[in-house]
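To start, the structure under review is shown below, and the notes come after it.
Number of protein chains: 2
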Amino acid sequence: MNTQIYLTENGIKPSVQRIALMDYLLTHKTHPNVDEMYEALHEQIPTISRTTIYNTMKLFVKHGIASLISIEEKNARFDGDVSLHGHFLCQNCNQLYDFHVNEKLLNIEELFSSLDGYNIKDTQIYCKGICKNCK
Amino acid sequence: MNTQIYLTENGIKPSVQRIALMDYLLTHKTHPNVDEMYEALHEQIPTISRTTIYNTMKLFVKHGIASLISIEEKNARFDGDVSLHGHFLCQNCNQLYDFHVNEKLLNIEELFSSLDGYNIKDTQIYCKGICKNCK
DNA sequence: TACAAATTTGTAACCATTGCAAATATATAA
DNA sequence: TTATATATTTGCAATGGTTACAAATTTGTA
């Protein structure tokens, strides 16, 4: 799917920087932080600034085409996959894994039965512990 | 239940500051941040410092008797209720609500079926949106 | 081409959190 | 009790991720 069209369809005017950032998110499932995106895009867009990345991520999150992952204390991470899935942070190797959430539990109404009448815009499921490789 | 015994049973040497902080967490379900705890305890313990609160919260979290809630970008919040439940942040009034998670879904194995072999120490479920009062 | 609006950029500030060493409190041994 | 070692607390300085802001650049439009 064309990234430029994807941005436009989601109400975001495409620019060189925005396209490059969304491309990066969609092709790197590493949940990058701002510094990692800066280092990665610096070569192809030498003038890119961290402020632009912060602004763009905020814009993406507002329009629902990126998720803010706040599982790490220090850094915000971002994910271009906005389908409901969980994130597991290994407290030993610091790697961040996606994990699948059983489809039959995706029914938010049932899972969060006490939130009737609340307008839920974003759901995040975080786990911390030790991963298989580090055990 | 006596807070001093509760700390001891969880491997934490009780001190005036630690007891006061755990007492505060257990009697105030407001998910306070460090500043709020500092302001609240300053009167009864005039010498208390923010560093002590940070250190103590880290200790509580490590021993599993408090949860770190990182749903807000700026501030860390803490919860003395470590049973699995969700947190909802209203993006309008900024209030943080607890919400009940259906008991039959508490089976982590089923919910997180793809995390077999991982040692899960902490699970957090966050939602953001607009609360009933603000709609 | 000229002008207006939107976007990007760099720098300075902000501020929550941590590092660190001195001060204080607590536990232990003689 | 007194002396000594250990643990805890404290205040201040430093860190570093994020944001504010205004200038510079790019884009859209007439």
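If you're matching them up, the sequences are chains B and S in order. Start counting the first sequence at -9; every next residue gets the next number (the numbering used here). Start counting the second sequence at -9; every next residue gets the next number (the numbering used here). Every residue, glycine too, gets a C-beta built ideally from N, C-alpha and C. Keep in mind it's a predicted model, so treat the numbers as computed, not measured.
Membership of S:T42 in the alpha helix (DSSP H) is indicated by the continuous run 40 to 52.
With its beta carbon at least 8 Å from every one in chain S, B:Q85 lies outside the interface.
Distance from S:I61 to S:L74 at the Cβ level is roughly 15 Å; contact not present, criterion being Cβ atoms closer than 8 Å. Separation of B:A10 and S:A30 (C-alpha to C-alpha, rounded to the nearest whole angstrom) is 47 Å.
A check of alpha carbon separations from B:I43 across B:R8, B:N109, B:I2, B:G119 identifies B:R8 as the nearest. At a cut-off of 8 Å between beta-carbon atoms, B:I61 makes contact with chain S. Taking the CA atoms as reference points, B:L(-3) sits about 34 Å from S:R67. Taking all protein chains in view, the Cβ of S:Q114 is crowded by 16 or more other Cβ atoms within 10 Å, so the residue is classified as buried.
Listed in chain order, the non-local C-beta contacts of S:H32 below 7 Å within the same chain comprise I38, local neighbours out to five positions each way being set aside. Excluding residues up to 5 positions away in sequence, A10 lie with their Cβ nearer than 8 Å to the Cβ of S:Q34 in the same chain. D112, T113, Q114, I115, Y116, C117, K118, G119, I120, C121, K122, C124, K125: these are the residues of the region 112 to 125 of chain S whose beta carbon lies less than 9 Å from some beta carbon of chain B, given in chain order. A direct Cα-Cα distance of roughly 22 Å separates B:E63 from S:L105. In this structure, S:C83 sits near S:C124, with a CB-CB distance shorter than 8 Å. Chain-order list of chain S residues neighbouring B:S104: F89, H90, by C-beta distance under 7 Å.
Between S:G70 and S:M12, the CB-CB gap stays under 8 Å. Straight-line measurement puts the Cα of S:S5 at about 54 Å from the Cα of B:I2.
Here B:T17 is exposed: its Cβ has fewer than 16 other Cβ atoms, across all protein chains shown, within 10 Å. Within 10 angstroms of the beta-carbon of S:V72 lie fewer than 16 other beta-carbons, which makes it exposed. Among the residues facing chain S, B:F78 is included, as its CB has a counterpart in that chain under 8 Å away.
If you draw a straight line from the Cα of B:L49 to the Cα of S:I120, it is about 19 Å long. As computed with DSSP, S:N109 is found in a beta bridge with B:I120. Looking at the DSSP output, B:D69 shares a beta bridge with B:S57. Under DSSP, B:Y87 forms a beta bridge with B:F78.
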